[in-house]
Structures are given as structure tokens and as C-alpha cells.
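In the numbering used here, the protein residues as written are 3 to 246.
Please read the structure below before turning to the comments.
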Amino acid sequence: MSCCALLSCAAGTYPVNLSRRPLGMPAGEHRFVVALGTYKPGGGLASDGTYYWGITDQLQYQFPLLMTYGGPVADNLELRGRFGLVGIGGGGSQTSRYFRVDPRYDYIGREEVYTQWTGGVVARTTLGELAALVLGVDSSMFVGAHLYRPGVMGRGVFILDIGPRLSASVGVAAGLSAEFPTGQEDYQVGVVQIGSVGDLEGRPTVAVHLFDQLDLVGFISWRKSVEAEEGVLRGTAGIDWHFD
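Okay, structure coming up:
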């Protein structure tokens, strides 16, 4: 993706202000979000990246196989439902609890393919000319050869346009997940998250609008399970490129 390609885009169909941006995408619109960063403790590489496509004004596709459908249902209210595959990869299926408590339960060495599924609903309403509120409930399922992990999470995101070129958002989420590792004890754990919690909508913590079709974005979040002694602080920065 060259700089020339980014700068030569024709005017896009997205509103400039983040609070005015709908949950869905206009028909024929494409969107790439790419961001890199790190997390603590640990200091490893963190990344955010996905592709969106507005198939119609009501139906949206998100890589790898997530479909979102819906639109305005009343004055100042947009409602959408979604279901599909949000992640696929290879690696170990360690569980956070067993990994910390007993090294015998470390599954990092077990190579396998895993998938992550989700389903849920999300709603958006504006709060005046400069703000919006997004609410959502999602159920999820991680499926691996040695572990499956269902969960449910509710969240709310407040979005504010600070100026003509700057937007910010902050979210709060809470949920419950269960882990069922093969041959080991099952357990449930609560999770809380603050900051960038609307990952499936790609709502950044901070967005700087450079051009009609190009934003600089940053995602910051703090996530903690109830059983953990400390949470994980995560931050990434990159671009949001949308065009038709």
C-alpha cells in the first residue's frame, strides 16, 4: 500500500466525524484497519488488522467470515445483528489459569488449528451533534483440539468528536467465560475491560482525520480477568483507510 495510493483516493462516503459514522458501511465501500503496538506485562508485539466490505447498505462483510446485517429501526437508533468466524490460526491452546498455577498444564507445545466464532447484536444512538453511544452484547466461542472456551460479554462505548479532525472514544465491558480443557478441570472466570472494547466495529480510542478517506488511529485497552493478579495494558497505532 503506497503513500501515493493513499493520497490519490477520491472523496469517500464516510462522515469525517467518528460519532456520525454508522455501524454499517455504504454499499461498495471498502475499509482496511492496520495497527501495531505492544502490551504489558510481557512487552510482546500486539496487532490490530482487519478488512471490511459493504455488500449492501444493510449487509456488511468482515474478514475472515463475519456477516453483519441491519440498519436504522427508529429515530436516532441503528440496530444490527451479526454472526460468523472472526479468527482462525495455529498454535497452542494454553489456559491462563492452568499455565500460572501448574506448569504441567502448559499447552503451548501442543500445535493445533483453532477457530473463534461470535454472534450478537449492537446498537448505536447519537447524543447531540458531537457524541454517540454504542451498546452491544456478544457471545463467543474459541474452539481448539484440546480446549474450547465459550463466553458472553456486554459493553458500551461513548464516542466524542473533539474537533473537526479529532475524535475519541472510551468503552467499558464485562463478561463471563468458561474453559473446558481436555482431561482437566473445567472452570469459569469473569473479565472486565476498559478503553477500546468495540473491536468488531473498529472504533479507535483516538482518531485523527487526515483526509476524507484516511485516519490515523490508536487503540488502547486494559483487560483483567477476576482471577489474575494484574491486568494487561495494550496499545496499538496505525491507519484506517476507507474508499469505494
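Built from N, CA and C at the ideal position, the CB exists for glycine as well.
When the options are compared against residue i, the one with the closest alpha-carbon
i: residue 148; options: 171, 130, 120, 181; result: 181
i: residue 64; options: 32, 48, 76; result: 32
i: residue 161; options: 133, 240, 152, 176; result: 133
i: residue 118; options: 126, 189, 90, 138; result: 90
i: residue 200; options: 172, 212, 241; result: 172
i: residue 217; options: 26, 128, 236, 166; result: 166
i: residue 125; options: 246, 131, 245, 25; result: 25
i: residue 150; options: 81, 136, 184, 128; result: 184
i: residue 214; options: 139, 127, 36, 245; result: 245
i: residue 188; options: 152, 75, 212, 62; result: 152
i: residue 144; options: 136, 154, 46; result: 154
i: residue 28; options: 35, 241, 222, 54; result: 54
i: residue 135; options: 223, 205, 46; result: 205
i: residue 50; options: 34, 84, 19; result: 34
Cβ shell of residue i (< 6 Å), same chain only, five flanking positions each side left out
i: residue 40; result: 48
i: residue 92; result: 115
i: residue 194; result: 176, 226
i: residue 192; result: 178, 228
i: residue 156; result: 139
i: residue 137; result: 125, 158
i: residue 81; result: 72, 75, 125
Local conformation of residue i per DSSP, three classes
i: residue 23; result: coil
i: residue 181; result: strand
i: residue 131; result: coil
i: residue 229; result: coil
i: residue 80; result: strand
i: residue 203; result: helix
i: residue 196; result: strand
i: residue 211; result: strand
i: residue 158; result: strand
i: residue 28; result: coil
Length of the line joining the Cα atoms of residue i and residue j
i: residue 142; j: residue 66; result: 15 Å
i: residue 243; j: residue 219; result: 10 Å
i: residue 43; j: residue 72; result: 39 Å
i: residue 86; j: residue 174; result: 23 Å
i: residue 231; j: residue 77; result: 45 Å
i: residue 252; j: residue 203; result: An answer regarding residue 252 cannot be provided, because it is not within the stretch 3 to 246 covered by the chain.
i: residue 21; j: residue 123; result: 19 Å
i: residue 163; j: residue 70; result: 25 Å
i: residue 59; j: residue 235; result: 36 Å
i: residue 121; j: residue 56; result: 19 Å
i: residue 79; j: residue 127; result: 5 Å
i: residue 159; j: residue 139; result: 12 Å
i: residue 190; j: residue 207; result: 29 Å
i: residue 129; j: residue 222; result: 23 Å
Own chain, CB closer than 7 Å to residue i, minus 5 neighbours either side, in chain order
i: residue 106; result: Only weak support exists for where residue 106 lies, its pLDDT of 45 falling under 50; the coordinates are left without a value.
i: residue 210; result: 167, 168, 217, 218
i: residue 233; result: 224, 225, 226
Minimum Cβ-Cβ distance from residue i to chain D less than 7 Å
i: residue 143; result: Annotation note: the requested chain D is absent from the structure, which comprises a single protein chain.
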